[in-house]
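Worksheet: the structure to be examined is printed underneath.
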DNA sequence: CCAGCAGCCTGAAAGC
DNA sequence: TGCTTTCAGGCTGCTG
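Numbering (our numbering), first residue to last: 1 to 282.
As structure tokens, this is what we get:
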């Protein structure tokens, strides 16, 4: 399940490979989740960015002068946006298997290689929008600040929490208080911050701890090439190493690494949640 | 507007 | 062994 560290790892690998490449042909699975892939034919990659868990491929289509608005820039800028969902994988290969049952979209580049998107469970999604026009992608449009930006502060998180009555972990997973944190790094962050994920109130002091916890958890993921529990591999097919450095996620029934108490697990608003009942008491 | 929840998906693992 | 059930979960869209 790719979260910010996994998506960023893929972005850093793909960016130099795709920059200045043109798409000469494309195809996709029939689902409307993936068909926007085909809109990108004729475009050239000019940047590969990330917001939260969304990969944003900025492209220029170059061919359609916008005379109606008197715009002298004769290229039409779009964003090809990819969310990897649970099992999404991206790669650039010379010998794509177009019959692979999990291939959901592909873009053939001018040099003959193919940019591929595999997604076994089809939780991923592709969008094609005019540059920066995210109004039709609700979660992206309302996405909170990037966790390493200065805008993401204890004050910000404290005030965000005041606007909702939901469990704190559920708020974090909504992507609105902060971008890019999913279930694994959320459990890690709450453990690091010594905050119960089912709490609904966040003092300023605790908010500061949670900001730190989120950053420490994500930094560990980034430094270790992501967390591979089942499916995740980067654009080179390599697994991450962060799964060997988790303090909390997946450790229910094992002793807490801080206090030795047996870690517990429950379902919280539909998400598996692990925590230490002593370090993270209510 | 928000809270809560079903539904989307399928491979892997567990249960029988 | 082989079949069935359960589980994983990010996001969308619906209902109250």
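All C-beta atoms in this analysis are idealised placements derived from N, C-alpha and C, irrespective of residue type, glycine included.
Counting along the chain, where does the alpha helix (DSSP H) carrying residue i start and finish?
i: residue 170; result: 168-173
i: residue 130; result: Segment 125-130 is the beta strand (DSSP E) holding residue 130; no alpha helix (DSSP H) there.
i: residue 9; result: 4-18
For residue i, which residues in the same chain have their Cβ closer than 8 angstroms to its Cβ, ignoring the five residues on either side in sequence?
i: residue 12; result: none
i: residue 141; result: 134, 135
i: residue 197; result: 167, 168, 169, 186, 187, 190, 268, 273, 275, 280
Within its chain, find whatever has a CB closer than 6 angstroms to the CB of residue i; leave out the 5 residues flanking it on each side and keep chain order.
i: residue 231; result: 87
i: residue 259; result: 278, 279
i: residue 123; result: 85, 86
i: residue 43; result: 23, 59, 61
i: residue 120; result: 87, 102
i: residue 235; result: 10, 13, 14, 90, 91
i: residue 265; result: 252, 274
Taking residue i as part of the beta strand (DSSP E), name the residues at either end of that continuous run.
i: residue 55; result: 54-60
i: residue 299; result: Nothing about residue 299 can be reported from this structure: the residues present for the chain run from 1 to 282 only.
Name the DSSP beta bridge partners of residue i, please?
i: residue 26; result: 107
i: residue 77; result: 60
i: residue 184; result: Residue 184 is not bridged to any residue.
For residue i and residue j, which I take to be in contact (beta-carbon distance under 8 angstroms), what is that distance rounded to the nearest angstrom?
i: residue 180; j: residue 53; result: 6 angstroms
i: residue 117; j: residue 106; result: 7 angstroms
i: residue 109; j: residue 82; result: No, residue 109 and residue 82 are not in contact; Cβ-Cβ is about 16 angstroms, not under 8 angstroms.
i: residue 90; j: residue 14; result: 6 angstroms
i: residue 261; j: residue 276; result: 6 angstroms
i: residue 202; j: residue 157; result: 7 angstroms
i: residue 200; j: residue 165; result: 6 angstroms
i: residue 113; j: residue 94; result: 5 angstroms
Please work out which residues of its chain come closer than 7 angstroms, Cβ to Cβ, to residue i, disregarding the five sequence neighbours upstream and downstream, and give them in chain order.
i: residue 8; result: 50, 222
i: residue 217; result: 185, 188, 189, 192
i: residue 175; result: 52, 139, 143, 144
i: residue 34; result: 28, 104, 105, 126
i: residue 2; result: 53, 84, 88, 232
i: residue 213; result: 189, 190, 192, 193
i: residue 67; result: With a pLDDT of 47 at residue 67, under the threshold of 50, the modelled position of that residue is not reliable, and the figure given next carries that caveat. No residues qualify anywhere along the chain.
i: residue 17; result: 92
Inside the region 193-280 only - alpha helix (DSSP H) runs reaching at least 4 residues: 204-223
Whole runs of the beta strand (DSSP E) within the region 89-167, excluding any shorter than 3 residues: 103-109, 114-119, 125-130
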